[in-house]
Amino acid sequence: MRRVLIHIIISLIFLPTALGQLTENVVKANFILNVAKFIEWEEEEAIERFRIGVLGGGDVFEALKRRSGEALLKNKAFDVVQFKRADEASGIHILYVNERRNRVLKKILETAIAEHILMFTDSCSTADETMVNLLALDMPGNQFEINKDNIDKARLYVPPKLLYYGGSEEDLREMYQASERQLSDVKAELEQQTAALKKQQKELETKKREILALNVEIALQEGNLESMIARATAQQDSLDQKIAMLEEQRSMIREQQADIDEQNARLQRQKQEIEAGNAFLNRQKQEIEAQEQKIKSQQQEIQAHTQTLEQQNLEIEAQTLKIEKQRTILYLFIALFALTAAMIFFILRAYRIKREANKKLEEKNAAISRQKEEIQAHQKQLEAINRKIERQNENIKSSINYALTIQQALLPSREELEKYFEPFVLYRPRDIVSGDFYWMSAAGAEEGKEEKVFVAVADCTGHGVPGGFLSMIGIKLLASIVNERKEHEPRKILEMLDTAVREALQQERKVSDDGMDVCLCRIEKNGGDRIKITFSGARRPLYYSSNQKINILPGDRKTVGGRVFKGQAFTNRELWLAPGDRIYMASDGIADQNAPNRKKFGSQRLIKLLEETMHLPLHEQKEVVEKTLDDFQQNEKQRDDISLMAIKF
């Protein structure tokens, strides 16, 4: 009996350690299979069965071996083989390397990369020698690490979502759910085994009682003592083994239940975070709807105010006509009064010529009546002419506004500009339609090169409607040259634009020197940190910020169009800029604007202003430039169209 008790005590001492190792190995096996589900092999469709190799780690081998009989990997069966030496590990798709082999991982990694094997390591401290490194299960935080560079070298594909703790929260939830299903299956199996063991335990209790009876017989039958002790010892050993198995399975169930509870707690926290995010989005949506309602209300107020102004203008025009009529009548009354006074004077002076005076008076009255009729007829004619002029003015305004709509449709929107860089545009037409324009186009990327972006600012001859028509011609011609005729060299673009403008305006046959001054840039990022700018200018320079100051690239002393510089070629100028640098393209409208004292704003003042504000964000720099220009101009009339475009890289 003493021997049996000692055996039971030793089993109870080592039982928790054995159960912990068994649970840890099962979890590692599950991690290997769950992570491998997200990895893609080249020609994966041709793989009929996956082969998983285990180098060392016999317990993990046993856990994977059990899983191979009850689970699939990516809907395919898998085999598990064990290697004793690293040079034997070949002809497999997945390799698990035991922690004791971490010191020789470099050679094993080279073999895994060469044969496109997904390698799992255990608690390796050298991240450069791993692909998927399983971490200690009792440590908080991530349960495994991924070295994407080594996986890429092995020509395996790991989805980006797995790189965040082994995937996004959704992917981890799927992995935990898979583990939970597997643990549930194990739990059900263990419950069945527990029921069977309880039944066996009852049988063992019966056998214990039988053993006690046998011990009594041993005392009575000393001759059979040795054989009875041996039999009792064997039965007790069998009983101890079954009790140990029962306790081991119960411990595994408790640990798996703890893992399940922890996973449920994590999922609950993630659910709360998602609900909080949805509540925040709902509040944002309500605020946006309130802003939209406020904007609609303001638009209605503006429309009502516009109608009121139109009604007031009509009333003013009616009052003006009424005043003109009263003024005419007043003049007539003055004339009549003067005539009456003359009549009285002539009557008092010469009564004797009363008849003659009366006759003259009648004649004058008749003349006055005729003049009155003529004046009234002339007034009606003037009113008709005024109405005709007003209709013509309305038609002209409608045409000009329609031309403005067309011109604005041809100009690039802020959204189109922001696809390629951070811009600001200061655009002030002198009249409704502008003779200045700015333009942007992106050419298709050539093989092995980045996309080219073309930007231009141009100042056409004249302003208002004539300048607006010429600006629309320039926009269409630039788009045709770059996008249809595929010319991407800035100097050649200006030369072709020069020829096209002279042909469009028939300057070979007519006396016309109309044209445009142009600042044209081609922007290439080339995939690096530096930006290449190729500039060509027609009487316009390019300003750019570098080394904390504004620099100038001059353009050619030739316009686009006109007869003076016919046949003269344009030139290219190149510069390299870094992220954060800026370029500025402008017409001469700002420099030519005068103050009330007739002094011009000037190019030097503009350059100094850009240098003083180049450290500001673009939208703040634009506000400062506008305010400075307004303060300088005061109430003075705008002389020319104003255009200024800034681009930050």
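Residue numbers (our numbering): 110 to 758.
Here a beta-carbon is modelled for each residue, glycine too, at the ideal position from N, C-alpha and C.
Item, Value
"Residue span of the beta strand (DSSP E) that contains Ile661, given as start and end", "Lys658 to Leu662"
"C-beta atoms of Leu587 and Val669 nearer than 8 angstroms", "no"
"Helix, strand or coil at Ile692 according to DSSP, with G and I counted as helix", "strand"
"Three-state secondary structure (DSSP) of Thr235", "coil"
"Residue ranges of each alpha helix (DSSP H) within the region 155–190, 4 or longer", "167–177"
"Own chain partners of Trp548 with C-beta closer than 6 angstroms, once the 5 adjacent residues on each side are dropped", "Ala565, Ile584 and Leu587"
"DSSP-derived helix/strand/coil call for Lys508", "According to the sequence provided, residue 508 is Ser. The question's Lys does not apply to it. Reduced to three states, the DSSP call for Ser508 is helix."
"Whole-angstrom distance between Lys497 and Ile456, CA atom to CA atom", "49 angstroms"
"Trp685 - partner residues in DSSP beta bridges", "Lys641"
"Extent of the continuous beta strand (DSSP E) run through Ser199", "Element bounds for Ser199: n/a, residue is neither H nor E."
"Beta strand (DSSP E) segment containing Arg533, residue limits", "Rather than Arg, the amino acid found at residue 533 in this sequence is Phe. It spans Glu531 to Arg537 - the beta strand (DSSP E) in which Phe533 sits, taken as one unbroken run."
"Where Lys601 sits in the DSSP three-state scheme", "helix"
"Assumed close pair Gly178, Tyr205 - CB separation to whole angstroms, cut-off 8 angstroms", "Contact flag wrong, Cβ pair sits at about 18 angstroms."
"Euclidean distance between Cα positions of Ser507 and Thr415", "17 angstroms"
"Opposing strand residues paired with Arg631 [DSSP bridges]", "Phe563 and Thr643"
"Straight-line Cα distance separating Met581 from Val542", "11 angstroms"
"Contacting residues, own chain, Cβ-Cβ under 8 angstroms from Tyr285 (five flanking each side not counted)", "Unreliable placement is indicated for Tyr285, whose pLDDT of 49 sits below 50; no coordinate value is reported for it."
"Nearest neighbour of Asp623, chosen from Arg611, Ile632, Glu238 and Leu629 [CA to CA]", "Arg611"
"Rounded straight-line distance, which links the Cα of Thr239 to that of Tyr274", "Its pLDDT being 49, under 50, Tyr274 is placed unreliably by the model, and nothing is read from it."
"Cβ-Cβ distance between Ala263 and His202 below 8 angstroms", "no"
"Where the alpha helix (DSSP H) containing Ser655 begins and where it ends", "Taken as a continuous stretch (DSSP letters only), Ser655 belongs to no alpha helix (DSSP H), being part of the beta strand (DSSP E) at Leu651 to Ser655."
"CA nearest to the CA of Arg618, picked from Arg672, Asp346 and Thr643", "Arg672"
"Which of helix, strand or coil DSSP assigns to Ser712", "helix"
"Among Leu214, Asp697 and Glu419, nearest to Ala567 - alpha-carbon criterion", "Asp697"
"Whole-Å CB distance - Ile602 paired with Leu629, under 8 angstroms assumed", "6 angstroms"
"Unbroken beta strand (DSSP E) run spanning Ala552, endpoints", "Asp545 to Ala552"
"Boundaries (first-last residue) of the alpha helix (DSSP H) holding Ala223", "Leu214 to Ala223"
"Nearest to Tyr652 (by Cα), restricted to the options Gln310, Arg748, Gln713 and Leu313", "Gln713"
"Ser522 in three-state terms, based on DSSP", "coil"
"Three or more C-beta pairs below 8 angstroms linking the region 642–661 and the region 685–694", "yes"
"Sub-8 angstroms separation of Ile590 and Glu598 beta-carbons", "no"
"Proximity of Glu208 and Ala236 at Cβ, strictly below 8 angstroms", "no"
"For Gly544, the nearest candidate out of Ala551, Ser550 and Tyr536 (CA to CA)", "Tyr536"
"Of the residues Thr315, Ala322, Lys183 and Arg175, the one placed nearest Asp294, counting alpha carbons only", "Arg175"
"Residues near Lys481 by beta carbon distance below 8 angstroms, same chain, minus five either side", "Leu441"
"Every unbroken alpha helix (DSSP H) inside the region 572–600 [4 residues or more]", "573–588"
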